[in-house]
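Respectively, the protein sequence lines represent chains A and U.
Counting from 1, position 38 in the first sequence corresponds to residue 37 in numbering that gives the first Met the number 0; the numbering is continuous, with no gaps.
Counting from 1, position 118 in the second sequence corresponds to residue 117 in numbering that gives the first Met the number 0; the numbering is continuous, with no gaps.
Below is one structure, written out as structure tokens; the observations come after it.
2 protein chains.
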Amino acid sequence: MRLTNFSDYALRLMMYAAVRKNELVTIEETAALYGLSRAHLMKVANQLTRAGFLKATRGRNGGLSLAKKPEKIRLGDVVRSTEPDFALVECFESGNQCLITPRCRLRGVLQEAMGAFMKTLDGYTLADLLLRPADFGIKPAGDASQAGRRPMMRP
Amino acid sequence: MRLTNFSDYALRLMMYAAVRKNELVTIEETAALYGLSRAHLMKVANQLTRAGFLKATRGRNGGLSLAKKPEKIRLGDVVRSTEPDFALVECFESGNQCLITPRCRLRGVLQEAMGAFMKTLDGYTLADLLLRPADFGIKPAGDASQAGRRPMMRP
Chain A
0 MRLTNFSDYA LRLMMYAAVR KNELVTIEET AALYGLSRAH LMKVANQLTR AGFLKATRGR
60 NGGLSLAKKP EKIRLGDVVR STEPDFALVE CFESGNQCLI TPRCRLRGVL QEAMGAFMKT
120 LDGYTLADLL LRPADFGIKP AGDASQAGRR PMMRP
Chain U
0 MRLTNFSDYA LRLMMYAAVR KNELVTIEET AALYGLSRAH LMKVANQLTR AGFLKATRGR
60 NGGLSLAKKP EKIRLGDVVR STEPDFALVE CFESGNQCLI TPRCRLRGVL QEAMGAFMKT
120 LDGYTLADLL LRPADFGIKP AGDASQAGRR PMMRP
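Pasting the structure below:
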């Protein structure tokens, strides 16, 4: 049982954007930090922007930032927007051919289990995952050497 | 988010074995009933036998039957034995390279959510999914025409 890489990368991008709160983060620096594909992360960023979790600022000094406060972003809502489906087994999909579908109780049990999974995620927000810049190898503002591509704004 | 087809087929095979309780079921008839690959279902049956959920009887009239009463078979235990892993995201796997792993709290949140999922499944047994032979298109014993390959034993 797995979440897609898409959801994994989405949560990681959000966690990075949360830690850089007053600055714009770029796909390039985030991809480099996590060792992820830039192209894949771009798709993730587009989805998170469409879903209203990230705000994209265009232009040469553009980048991404959180569209809401971290405590307003429930993890369950992020995962709902990034998972392509919650088709735990075949009969959750349209076109299912399983002969016992009309009477089967497995679907209901699995839906209940999935509900318990999502309810747990809904009990946490991005604020619960908040890290410090140092956890990303980012030196405190004022120090010129940083892991990220973009210089941090000085206070 | 999905379970593997392996788990899906395992649950379906168990449900069929449960409904044919006093008889041996074959891979052939189960594969035909559900429209599944015989080879794939054979691997599922081998795993369920190894895990102690099914009992295999060899020989020309051999087949599979439940190794325990349906009410003794928790759905969570079946899924634990058939899912290859519960690596919801990359950092659940060995060799993970994510730089924030040492401080990240996402892993703990996802483990809690997975625990809630499995706890729900552990609250149900195969007995809760029990269907009637008619749900599989099987006529009552005594009627010669049946969906299954193997004739039902007469009372």
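Even for Gly, the Cβ is constructed at its ideal location relative to N, Cα and C.
- With contacts defined by Cβ atoms closer than 9 Å, residue 82 of chain A and residue 5 of chain A form a contacting pair.
- One Cα belongs to residue 52 of chain U, the other to residue 71 of chain U, and the distance between them is close to 10 Å.
- Under the Cβ criterion of 9 Å, residue 27 of chain A is not counted among the residues facing chain U.
- Proximity of the segment 33–45 of chain U to the segment 3–18 of chain U meets the contact definition, three or more beta-carbon pairs being nearer than 8 Å.
- Take the alpha-carbon of residue 108 of chain U and the one of residue 125 of chain A: they are about 11 Å apart.
- In summary, the residues of the segment 93–110 of chain A whose CB is separated from some CB of chain U by less than 9 Å are 96, 97, 98, 99, 101, 102, 103, 104, 105, 108 and 109, in the order they occur in the chain.
- Residues of the segment 62–94 of chain U whose Cβ lies closer than 7 Å to any Cβ of chain A, in chain order: 74, 82, 85, 86, 87, 88 and 89.
- Take residue 37 of chain A, set aside five residues on each side of it, and the residues of its chain with a beta-carbon closer than 7 Å to its own are 26, 27 and 30, in chain order.
- Between the segment 79–95 of chain U and the segment 62–78 of chain A, the count of Cβ pairs shorter than 8 Å is below three; the stretches do not touch.
- Straight across, the Cα-Cα distance linking residue 21 of chain A with residue 68 of chain A is about 11 Å.
- Boundaries of the beta strand (DSSP E) harbouring residue 64 of chain A: 62–65, taken from the DSSP string.
- Between the C-alpha atoms of residue 24 of chain A and residue 65 of chain A there is a straight-line separation of about 10 Å.
- Separation of residue 122 of chain A and residue 110 of chain U (C-alpha to C-alpha, rounded to the nearest whole angstrom) is 13 Å.
- Within the DSSP secondary-structure output, residue 124 of chain U pairs in a beta bridge with U:73.
- Judged by beta-carbon spacing, residue 112 of chain U lies beyond the 9 Å limit of residue 14 of chain A, meaning their Cβ atoms are not closer than that value.
- Closer than 9 Å to the CB of residue 58 of chain U there is not a single CB belonging to chain A.
- Following the DSSP letters along the chain, one finds residue 12 of chain A in no beta strand (DSSP E) but inside the alpha helix (DSSP H) bounded by residues 4–18.
- Where residue 54 of chain U is concerned, the enclosing beta strand (DSSP E) starts and stops at 53–56.
- With a 10 Å radius around the Cβ and a threshold of 16 neighbouring Cβ atoms, residue 92 of chain U comes out exposed.
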